[in-house]
Every structure is written in C-alpha cells, then in structure tokens.
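Sequential numbering from 5 applies to the sequence shown in our numbering.
The next block holds one structure in the form of structure tokens; read it before the comments.
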Amino acid sequence: MGTRQTLAGEAGARADDAMRPHVVVVEDDDVLRDTLVAPALRDFGFRVTGLGTVRELDRVLDVDQPDIVVLDVGLPDGDGFSIAERLYRQSRVGIVMLSGRHTQADRVRGLSNGADAYLAKPVVMHELAATLRNLMRRLRPPARDVPNEPVWRLDNQGWCLIAPNAVSVALKSHERAMLRVLLDEPGEPVARDVLIAAVGGDEQFDPHRIEVLVYRLRSKVAKHAGLVLPLNAVRGSGYVFTM
C-alpha cells in the first residue's frame with residue numbers, strides 16, 4: 005500500500021509540474037541564475053530549467069519546446085540579440101531579455117529582434133514574474149467558452165461566487181480578494197505569496213491561513229451550492245482554479 009501511495013504521489017507531482025508554464029533561463033552567472041532567478045520563479049508557479057550557454061539552450065530546444073526563454077544579452081558563446089532573432093524566426097516561444105545594458109537603443113534592438121519584453125538588471129523578481137504571466141496569456145489564450153456553458157464566476161460587484169448551477173455563494177472580503185486573483189488566471193497556478201498579498205497579508209502573515217481560507221471556502225461552496233469547488237493546491241507553489 006505504501007509503495008502504491010508513493011507512486012501515486014510521484015505521478016501527481018509530475019502532473020502538477022506539467023501544468024506549470026515551462027520557462028528556460030539562459031544566464032551565465034550561476035549564482036544569479038541558480039540562487040535568485042530560478043528559485044523565485046518556481047515560487048511564483050513556473051517550471052524552470054536553468055542554463056548557462058547557447059549550446060545548452062540548443063540541446064534543450066532539440067528535444068523540448070519551452071513556453072518562454074528568459075535570455076541574458078551577454079552570453080559566453082553567443083550574442084543574446086542574435087539568439088533572440090533566431091528564436092523568433094524558428095520557434096513560437098516567448099522571449100524575455102535581461103541585460104545590464106539599459107540604453108534605449110539596446111531596448112529597441114532587443115524588441116526589434118523579436119523579444120516580447122526587455123528588462124534591465126538587477127531584475128525585480130515580481131516584475132519578471134508579472135511579465136512572464138502576461139506573456140503566457142498571449143501565448144496560451146484561454147479557450148472560448150461553449151455558448152451557454154455554465155462556469156464559475158463572480159457577480160458584478162464580486163461579493164458572490166456564482167456556481168455553474170446558478171447558486172450564489174456570499175463571500176467575505178478575504179475570500180473575494182483571493183478568488184479575484186485566481187479567476188483572473190483560470191487554469192494557471194498562482195503562488196502563495198501572490199495570494200497572501202491579495203488578502204492584505206504582510207511578512208508576518210502565516211501562510212497556513214491561506215490553507216484554512218481555502219478549506220473554509222470549499223466547505224461553504226459544498227454546503228450552499230452542492231458542488232465541489234475546483235480550487236486545488238499545486239505542490240510546492242500555490243493554488244489553481246480549474247473552472
């Protein structure tokens with residue numbers, strides 16, 4: 005039984021991981037890449053592969069198609085501007101460039117070569133994560149709803165959750181704030197830090213309060229609407245509302 009549970013847990017973890025947008029970070033500064041950028045992006049709900057050279061990037065692209073490549077301009081075996089242009093011409097990946105070169109000419113060159121965004125170093129991780137999310141919305145537009153297909157939604161004022169069976173569930177302020185964020189990105193994992201910020205939490209906020217909030221909201225919906233709320237934990241990240 006223990007072995008079956010372990011295998012089931014591993015399969016679930018792989019499934020959760022596959023749901024996350026795959027971001028390849030190409031940065032030759034090992035410390036910046038492996039101790040700051042990659043861990044932070046994982047905390048924000050992304051699946052991250054860290055690389056240090058263009059050669060390593062080409063090897064990954066031979067066997068996989070990531071969603072987004074975060075590309076340093078100055079790499080030891082290639083020019084980031086040229087690599088961005090090649091990626092733009094040969095693939096459909098999103099491209100975000102990071103660089104210590106802050107001039108307007110550099111930004112224009114990067115964007116003209118195919119980059120979707122050009123961010124200056126030192127990068128602010130919340131800004132990078134927001135840029136990646138916005139880019140993912142364009143790369144993976146949500147499927148259009150089948151006409152008249154019932155879905156979960158907030159009412160116009162946002163104080164009631166409307167279930168697919170048309171039952172309204174009244175919300176408290178924290179529930180409303182959390183659901184607004186989750187329903188803005190249906191099917192996409194939302195990091196716990198983002199949910200904590202949404203409900204007005206600070207550095208002293210106990211992350212377990214989010215778990216309690218989710219549990220109580222699920223129970224409330226089950227009691228009043230008779231349905232299971234499709235709000236699920238994403239292992240090691242946060243939560244996803246699957247609609």
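Quick reminder that beta carbons are idealized off the backbone N, C-alpha and C, glycines included.
*asked:* By the DSSP assignment, the alpha helix (DSSP H) with Ala201 in it spans what residues?
replied: 196 to 202
_Residue closest to Ser103, alpha-carbon to alpha-carbon, out of Pro168, Val216, Arg113_ = Arg113
*Output the distance between the C-alpha atoms of Arg239 and Asp38, rounded to the nearest integer angstrom.*
20 angstroms
*For Leu233, which three-state DSSP category applies?*
coil
*Beta carbon of Leu75, beta carbon of Ile99: below 8 angstroms?*
yes
*Locate the alpha helix (DSSP H) running through Arg239, then write down its first and last residues.*
Per DSSP, Arg239 belongs to no alpha helix (DSSP H) and is neither H nor E.
*asked:* Between the alpha carbons of Val198 and Gln94, how many angstroms are there, rounded?
replied: 34 angstroms
*Just tell me which of Leu139, Leu235, Asn169, Asp110 has its CA closest to the CA of Gly84.*
Asp110
_Buried or exposed by the 16-neighbour rule on C-beta atoms within 10 Å, applied to Val232_ = exposed
_Measuring straight from C-alpha to C-alpha, what distance separates Glu179 and Val35?_
38 angstroms
*For Pro80, count neighbouring C-beta atoms within 10 Å of its own C-beta (all shown protein chains included) and say buried if the count is 16 or more, exposed if not.*
exposed
_Rounded Cβ spacing between Gly191 and Thr246 (contact assumed at less than 8 angstroms)_ = 6 angstroms
*What residues are listed by DSSP as bridge partners for Gly54?*
Val29
*Identify every residue that forms a DSSP beta bridge with Gly82.*
Leu79
*Taking the Cβ atom as the reference point for each residue, do Trp156 and Leu165 lie within a distance shorter than 8 angstroms?*
yes
*Going by other Cβ atoms of all chains shown within 10 Å of its Cβ, with 16 needed for buried, is Thr107 buried or exposed?*
exposed
*Using 10 angstroms around the beta-carbon of Val128, count the other beta-carbons present and answer buried if the total reaches 16, otherwise exposed.*
exposed
*Could you please give me the residues that DSSP links to Met182 through a beta bridge?*
Met182 is not bridged to any residue.
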